[in-house]
Amino acid sequence: MNTPNTAQDAENLLLAFDDNSLLPLLFGSHNSHLAQIEQRLDVSLNSRGNEVVISGAKEQAETAATVLTDLYQRLKDGQDVDPAEIDGAIRMISGGARDDLNADDLAVHTRKRHIQPRSPQQANYLRAIARHNLVFGLGPAGTGKTYLAVAKAVESLINGQVDRIILSRPAVEAGERLGFLPGDLRDKVDPYLRPLYDALNDMLPANQVAKKIDSGEIEIAPLAFMRGRTLAGAFVILDEAQNTTPVQMKMFLTRLGADARMVVTGDLTQVDLPQGVRSGLTDAIAILTGVEGISFVEFTDADVVRHALVARIVRAYDRQAAADKD
Numbered sequence: 198m199n200t201p202n203t204a205q206d207a208e209n210l211l212l213a214f215d216d217n218s219l220l221p222l223l224f225g226s227h228n229s230h231l232a233q234i235e236q237r238l239d240v241s242l243n244s245r246g247n248e249v250v251i252s253g254a255k256e257q258a259e260t261a262a263t264v265l266t267d268l269y270q271r272l273k274d275g276q277d278v279d280p281a282e283i284d285g286a287i288r289m290i291s292g293g294a295r296d297d298l299n300a301d302d303l304a305v306h307t308r309k310r311h312i313q314p315r316s317p318q319q320a321n322y323l324r325a326i327a328r329h330n331l332v333f334g335l336g337p338a339g340t341g342k343t344y345l346a347v348a349k350a351v352e353s354l355i356n357g358q359v360d361r362i363i364l365s366r367p368a369v370e371a372g373e374r375l376g377f378l379p380g381d382l383r384d385k386v387d388p389y390l391r392p393l394y395d396a397l398n399d400m401l402p403a404n405q406v407a408k409k410i411d412s413g414e415i416e417i418a419p420l421a422f423m424r425g426r427t428l429a430g431a432f433v434i435l436d437e438a439q440n441t442t443p444v445q446m447k448m449f450l451t452r453l454g455a456d457a458r459m460v461v462t463g464d465l466t467q468v469d470l471p472q473g474v475r476s477g478l479t480d481a482i483a484i485l486t487g488v489e490g491i492s493f494v495e496f497t498d499a500d501v502v503r504h505a506l507v508a509r510i511v512r513a514y515d516r517q518a519a520a521d522k523d
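Residue numbers (our numbering): 198 to 523.
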């Protein structure tokens, strides 16, 4: 048999797998993956040989069965299964987006990673980037806004769809003073742009990142360096866009040249601009919503794909912010 067999008895489901060599990877060390599914879906999973008995409420039990079946197929396809992939599978299947979980048109292929969406909204985001020249990814930290944008940029460069990647951030200090850091301008700015380097190093071998930066195929620079340029044939990402002013945002958006794509990411709950200065991201949302060719994708705490605690932290801060407004 090529797929697990399923037999249902009231609140119980039985899964049988045909390749015992994959079960340690599916179940996890000391059945840690099964324990993770149990905790997330409030079901009981008992493994016996090549079988798993799932007990619980009908909907949760069926979701657990689907998650295990899809993860098993992932292993058969030569892909990895880890706690993050399990969380993603649960989120996608619970959100009714099972078809998007392993959809070929949503997969992002880089030199080091095979990336699939881990939430329904991530799937929408990847579709938007594929279909629109300008996409705004909005929402809290940990939702994959920047990571997925960098992944798509690297894939586009590898496939020859663009000639270069340009990654930028507005140089606004988040409670720190860049001017007091030692060194020249690059020494001061590079640590601030480090998250973009980290994302690149997740997609490409370090020597290739360095080579492409030296050749100009990849450019990482503060937003001020974009003024006066026309960015043609490039995949351009503006990260932390909530820290732009309206003038800076207009300047950046009007750099868009022929055969170029732009992704703008930001979180309006983390604005570091001086008191009373309007965020350029807020301004852009108000002005550009409904403009043809522009897509806005909004993430919530439900889309947080970092540690589960990050989602709870985001919700706690949101509750406090709501209480402060009352």
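The C-beta atom is built at its ideal place from N, Cα and C for all residues, glycine as well.
Just so it is clear, the structure is predicted and the values come from calculations on it, not from any experiment.
Contact set for residue i: own chain, Cβ-Cβ below 7 Å, skip 5 residues either direction
{"i": "residue 377", "result": "Low local confidence applies: a pLDDT of 45 at residue 377 is under 50, so the model's placement there is unreliable, with the coordinate-based value given in what follows. For residue 377, where only same-chain residues beyond five positions count, there are no Cβ hits under 7 Å."}
{"i": "residue 379", "result": "With a pLDDT of only 48 at residue 379, under 50, the local geometry of the prediction cannot be trusted, and the value read off the model is given with reservation. Cβ within range, chain order: n/a, list empty."}
{"i": "residue 311", "result": "276, 304"}
{"i": "residue 329", "result": "490, 491, 492"}
{"i": "residue 280", "result": "233"}
{"i": "residue 350", "result": "362, 432, 434"}
Assigned secondary structure, residue i (DSSP; H/G/I helix, E/B strand, else coil)
{"i": "residue 213", "result": "strand"}
{"i": "residue 141", "result": "With the chain running from 198 to 523 in the structure shown, residue 141 is simply not present."}
{"i": "residue 416", "result": "strand"}
{"i": "residue 314", "result": "coil"}
{"i": "residue 247", "result": "coil"}
{"i": "residue 485", "result": "helix"}
{"i": "residue 521", "result": "helix"}
{"i": "residue 462", "result": "strand"}
{"i": "residue 530", "result": "No answer is possible for residue 530: the residues shown for the chain start at 198 and end at 523."}
{"i": "residue 431", "result": "strand"}
{"i": "residue 366", "result": "strand"}
{"i": "residue 329", "result": "coil"}
{"i": "residue 501", "result": "coil"}
{"i": "residue 527", "result": "Residue 527 lies beyond the residue range present for the chain, which begins at 198 and ends at 523; the question has no answer from this structure."}
{"i": "residue 476", "result": "coil"}
{"i": "residue 422", "result": "helix"}
{"i": "residue 361", "result": "strand"}
{"i": "residue 336", "result": "coil"}
{"i": "residue 305", "result": "strand"}
{"i": "residue 242", "result": "strand"}
{"i": "residue 377", "result": "Unreliable positioning characterises residue 377 in this predicted model, as indicated by a pLDDT of 45, which lies under 50. A coordinate reading is not provided."}
Pair within 8 Å by beta-carbon distance, residue i and residue j
{"i": "residue 222", "j": "residue 272", "result": "yes"}
{"i": "residue 334", "j": "residue 344", "result": "no"}
{"i": "residue 480", "j": "residue 446", "result": "yes"}
{"i": "residue 366", "j": "residue 436", "result": "yes"}
{"i": "residue 314", "j": "residue 297", "result": "yes"}
{"i": "residue 415", "j": "residue 409", "result": "yes"}
{"i": "residue 307", "j": "residue 355", "result": "yes"}
{"i": "residue 454", "j": "residue 429", "result": "yes"}
{"i": "residue 268", "j": "residue 286", "result": "yes"}
{"i": "residue 477", "j": "residue 421", "result": "no"}
{"i": "residue 290", "j": "residue 264", "result": "yes"}
{"i": "residue 457", "j": "residue 431", "result": "yes"}
{"i": "residue 283", "j": "residue 319", "result": "no"}
{"i": "residue 208", "j": "residue 261", "result": "no"}
{"i": "residue 347", "j": "residue 353", "result": "no"}
{"i": "residue 228", "j": "residue 247", "result": "no"}
{"i": "residue 341", "j": "residue 497", "result": "no"}
{"i": "residue 502", "j": "residue 316", "result": "yes"}
{"i": "residue 235", "j": "residue 241", "result": "yes"}
Own chain partners of residue i with C-beta closer than 8 Å, once the 5 adjacent residues on each side are dropped
{"i": "residue 424", "result": "448"}
{"i": "residue 309", "result": "399, 400, 401, 402"}
{"i": "residue 486", "result": "493"}
{"i": "residue 406", "result": "394, 397, 398, 415"}
{"i": "residue 520", "result": "none"}
{"i": "residue 518", "result": "466"}
{"i": "residue 325", "result": "332, 492, 494"}
Assumed close pair residue i, residue j - CB separation to whole angstroms, cut-off 8 Å
{"i": "residue 266", "j": "residue 212", "result": "7 Å"}
{"i": "residue 391", "j": "residue 443", "result": "Going by Cβ atoms, the distance from residue 391 to residue 443 rounds to 27 Å, so no, they are not a contact pair."}
Nearest residue (CA-CA) to residue i, options the options
{"i": "residue 257", "options": "239, 274, 452", "result": "239"}
{"i": "residue 516", "options": "488, 484, 466", "result": "466"}
{"i": "residue 441", "options": "316, 426, 404, 482", "result": "482"}
{"i": "residue 484", "options": "241, 450, 324", "result": "450"}
{"i": "residue 510", "options": "426, 339, 427", "result": "339"}
{"i": "residue 230", "options": "512, 278, 288, 513", "result": "278"}
{"i": "residue 419", "options": "364, 224, 251", "result": "364"}
Spatial neighbours of residue i in its chain, beta-carbon cut-off 6 Å, leaving aside the 5 residues before and after
{"i": "residue 331", "result": "459, 491"}
{"i": "residue 468", "result": "439, 476"}
{"i": "residue 292", "result": "317"}
Proximity test, Cβ basis, 8 Å: residue i and chain D
{"i": "residue 289", "result": "Among the chains of the structure shown, chain D does not appear; only one protein chain is present."}
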